[in-house]
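The structure appears right after this line, and notes come after that.
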């Protein structure tokens, strides 16, 4: 039996942050993706976009510095960096849908080996699904990275051969960061780029509902 | 023989200006329409729009007050009133095409009795016609008033049964101000609202290539 | 003199008809014209179609309007959020029609209505439930959905500074849906946090030019705390 | 550190290929990036497709570029104006392709390219020569034309204040086509009248957010007087 430690939510966020190059414009979804903001390397300028009309978001404010008029898409108070800009929803989504956002980091219910993303509704019969900006981001951003636990709380795989939940967008995911591995979505399917120390490829495969490929070197 | 004096270009502009109610947002085309700006009643607030991104244009500046960065669609230096706003071309034409301009005053080569307007090209074979914003204004503004000489310099009628020149837009003209008359375009065609003193209805008809109707009272 | 200022909320909301489509600006708590919504409950119009990003939360504002049975249908991107109990109850009981629109498509449909564009194509929603019943079309080898404009009878908007011509600016992230909804309605009613003189907002800093605005309502809080 | 500033015009225009579609901002003399156009003549790219409102006048700027035989086609709304002699001569001689687009349709096609909208419908041009060869379609009983987006390889833009992230504002009527062309090109090159620090343009006053801008060129007049 191998010993391994799955990454914490914050460690997953930090792992993603590590891969974002200077100068990229990034949009962060709700949940673990939001944590990425706090993990960005201090020596790189990375510009954060929020759907509700902010480019150049800074860290959360100290309680005494809260400006109630400045919130992010998750409705949390945020700050503005020097160089920030403010705009309305149509301009904001023009940035997204026009391909001007370098990277969007999203959570997921399921990702399929062909890059299909399901992250907005947990069943086709869902009474009142809430899509928000997920579909726009999924098709509009230049790259989609998903950050998610490798399996559900019940141990069911979230990386699957076919999504069973309603799609957010077909074939859009480029890369997946889980608490167990970093996986690229390629033309031949899931390609494992990295596994947490102590976890075997076979053990990772056992928690995944699609064939994993070893990275060609 | 009756005695009459055709209106001068400035008098035509003044006649049009007289009919614009307070509060209307107006766009003025090149030529006589531009003169309307100088004839607006001083006791009415009328807001002038320019395609190149100005709402709230004021009169021409004195030579020493020229700001070379503020010009109208005719490329003339203009001023900004208190309450003016500046925007880009897509927002400016969104105002026009979205039906937010109360009135557009345009010149014309020909106007037909069904409201067809021809004011951009003088023949279908025109080597390099120049349309500018005329088509957008013609279909987008809530009302189109044409101000023009009643005939060409050669005496050919400009108010016609059918336009011979390429159309700017079909069926859009509401009212025509000429140097001889004010004419409404109605469901039964041209309806004469006003004639310059001394000119008979018959004499006006003789200079018009479509049936004129007397206004029903 | 052009003066779009009205005395109070009641005068600002005069004439809103039963069956109207009403846009409600704001995103989260920023730029939500809460006191206009409260005023709309007073005003009494029924069978409303509401266009907003969310479907309200708690028992105030939009949620209260729905709870009062005034809303026939809601068009939004994200109805289910923390505290959206009124919406969920009404929806489950079949007492509220729902049209889910992706947030960017919602914004663009509103902008299109203001700009005279009856329909446009977008990649958002292709290959998903959102595409059901919608026309698709290929351009340059990629598939897009056709989406229609979304005009309204009334827009309820909150702005920061507003002058008597109706020129507006917004504070912080407050322009969100407000600035586009202002362009898309027959009657745009702006709740002004501050009413200012004509020359106070510089021409280059006006976000909503006055021609989009019908009535300017001075801010006064009628929202129960 | 993100720093989009380049040394000079030559560095700003590096890599523009033969056959590129190049947008040129400005309306009248306001916001025309004349020195970038002069630089493009130096740079040497040929067979260009130019998108601009006008077709130049006199023998400077755009007219000079055309006179130098670098332009294959021009897409504009108003080619024939006082002094457009170079355009008229080339056009009559069959040496220049021309696509006439109504000004509002031109602006909207450019905006659509920046916003990821491959096509939209407009009433402008219905029943005219402009409609020839274009699809029409009825919505709610009214006829509209379908128009396609108009993306470019390069946009040449003039702004007033620009910071190292590329955030821009514009002076007077200078945003005109500049602010929309900045969104529609793969490479947007901004001629900055003033280069300023990151915090000098307030967030609410930025007109072109920096993400649209590729290179910031300090203003220097290379335009022969």
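Residue numbers (my numbering), protein chains in the order written: chain A, 1457 to 1673; chain B, 1457 to 1673; chain C, 839 to 1063; chain D, 839 to 1063. All C-beta atoms, glycine included, are put in the ideal place defined by N, C-alpha and C.
- Query: In chain A, what lies closer than 8 Å to residue 1000(C) by C-beta?
  - Reply: What residue 1000(C) touches in chain A: nothing, since even the nearest Cβ is about 16 Å away.
- Message: At 4 residues or longer, what runs of the alpha helix (DSSP H) sit wholly inside the stretch 995-1062 of chain D?
- Response: The qualifying runs are 1016-1022.
- Does residue 888(D) come within less than 8 Å of chain B when only Cβ atoms are used? Answer no: the Cβ-Cβ gap between residue 888(D) and chain B never drops below 8 Å.
- Between the stretch 955-970 of chain C and chain D, which residues of the former have CB atoms less than 8 Å from a CB of the latter, in chain order? 955, 956, 957, 958, 959, 960, 961
- Residues of chain E with CB under 7 Å from residue 865(D), in chain order? Although the question refers to chain E, the structure presented lacks it and instead comprises the protein chains A, B, C and D.
- Query: Going by DSSP, which residues form a beta bridge with residue 1615(B)?
  - Reply: 1567(B)
- Item | Whole-angstrom distance between residue 1497(A) and residue 1610(A), CA atom to CA atom | Cα-Cα distance, rounded: 34 Å.
- Inter-residue Cα distance where the pair is residue 870(D) and residue 995(D): 7 Å
- In its own chain, which residues sit with a C-beta less than 7 Å from the C-beta of residue 1542(B), not counting the 5 before and 5 after it? 1509, 1510
- Less than 8 Å separating the beta-carbons of residue 860(C) and residue 1037(C)? It is not a contact, given that the beta carbons lie outside the stated cut-off.
- Message: When you compare the stretch 1584-1591 of chain A with the stretch 939-947 of chain C, are there three or more beta-carbon pairs, one atom per stretch, that lie closer than 8 Å?
- Response: Counting Cβ pairs under 8 Å, three or more are found: they touch.
- Query: With respect to 7 Å, is the separation between the Cβ of residue 1513(A) and the closest non-hydrogen atom of the ligand SAM below this value?
  - Reply: Here there are no bound small molecules, and the ligand SAM is not part of this structure.
- Item | Backbone secondary structure at residue 1486(A) - three-state DSSP | coil
- Message: Any C-beta of chain C within less than 7 Å: which residues of the stretch 1549-1570 of chain B qualify?
- Response: 1550, 1551, 1553, 1554, 1555, 1556
- Query: Listed in chain order, which residues of the stretch 970-983 of chain D have Cβ atoms closer than 9 Å to some Cβ of chain C?
  - Reply: If you check each beta-carbon in the stretch 970-983 of chain D against every beta-carbon of chain C, the ones closer than 9 Å belong to 975, 977, 978, 980, 982.
- Message: Beta-carbon within less than 7 Å of residue 1665(B)'s beta-carbon, same chain only, minus the 5 sequence neighbours each way: which residues are those?
- Response: 1613, 1615, 1616, 1617
- Could you say which of 973(D), 962(D), 898(D), 1044(D) lies nearest to residue 1593(B) if we only look at CA atoms? 962(D)
- Run the CB neighbour count on residue 1657(A), radius 10 Å, all protein chains shown included, and call it buried at 16 or more, exposed below. exposed
- Buried or exposed: residue 848(D), going by 16 or more other Cβ atoms within 10 Å of its Cβ? Its Cβ having fewer than 16 others within 10 Å, residue 848(D) is exposed.
- Task: Go through its chain and collect everything with a Cβ distance to residue 1522(A)'s Cβ below 6 Å, but skip five positions before and after it.
- Result: 1533
- Using a C-beta to C-beta distance shorter than 7 Å, which residues of chain A count as neighbours of residue 1042(D)? 1542
- Proximity test, Cβ basis, 8 Å: residue 873(D) and chain B: no
- Message: As a quick exercise: from 913(C), 925(C), 916(C), pick the residue whose alpha carbon is nearest that of residue 903(C).
- Response: 925(C)
- Message: For the stretch 1611-1638 of chain A, list every residue whose C-beta sits within 9 Å of some C-beta in chain C, in sequence order.
- Response: 1622, 1623, 1624, 1625, 1626, 1627
- Message: Quick check on the burial criterion: 16 or more other C-beta atoms within 10 angstroms. Buried or exposed for residue 1667(A)?
- Response: exposed
- Where does residue 993(D) fall in DSSP's three states? strand
- Task: May I ask you to list, following chain order, the residues of the stretch 1466-1479 of chain A that have a beta carbon less than 9 Å from some beta carbon of chain D?
- Result: 1478, 1479
- Task: Assign residue 1464(B) to buried or exposed, taking buried as 16 or more other Cβ atoms, counted over all protein chains shown, within 10 Å of its Cβ.
- Result: exposed
- Does residue 1023(C) come within less than 8 Å of chain B when only Cβ atoms are used? Residue 1023(C) has a beta carbon lying at 8 Å or more from every beta carbon in chain B.
- With DSSP as the reference, label residue 921(C) as helix, strand or coil. coil
- Task: From the DSSP output, in three-state form, read off residue 937(D) for me.
- Result: strand
- For my contact list, residue 1008(C) and residue 997(C) are in at a C-beta cut-off of 8 Å; report their separation, rounded to the angstrom. With 8 Å as the limit, residue 1008(C) and residue 997(C) qualify as a contact, their Cβ atoms being about 6 Å apart.
- Could you name each continuous alpha helix (DSSP H) segment of 4 residues or more that falls completely within the stretch 1472-1558 of chain B, going from the start of the chain to the end? 1488-1495, 1545-1553
- Query: Which one or two residues does DSSP pair with residue 1633(B) in a beta bridge?
  - Reply: 1603(B), 1638(B)
- Task: Check the Cβ of residue 936(D) against every Cβ in chain A and list those closer than 8 Å, keeping chain order.
- Result: Under the 8 Å cutoff, chain A gives no residues; its nearest Cβ is about 28 Å from residue 936(D).
- Who does residue 1669(A) pair with in a DSSP beta bridge? 1647(A)
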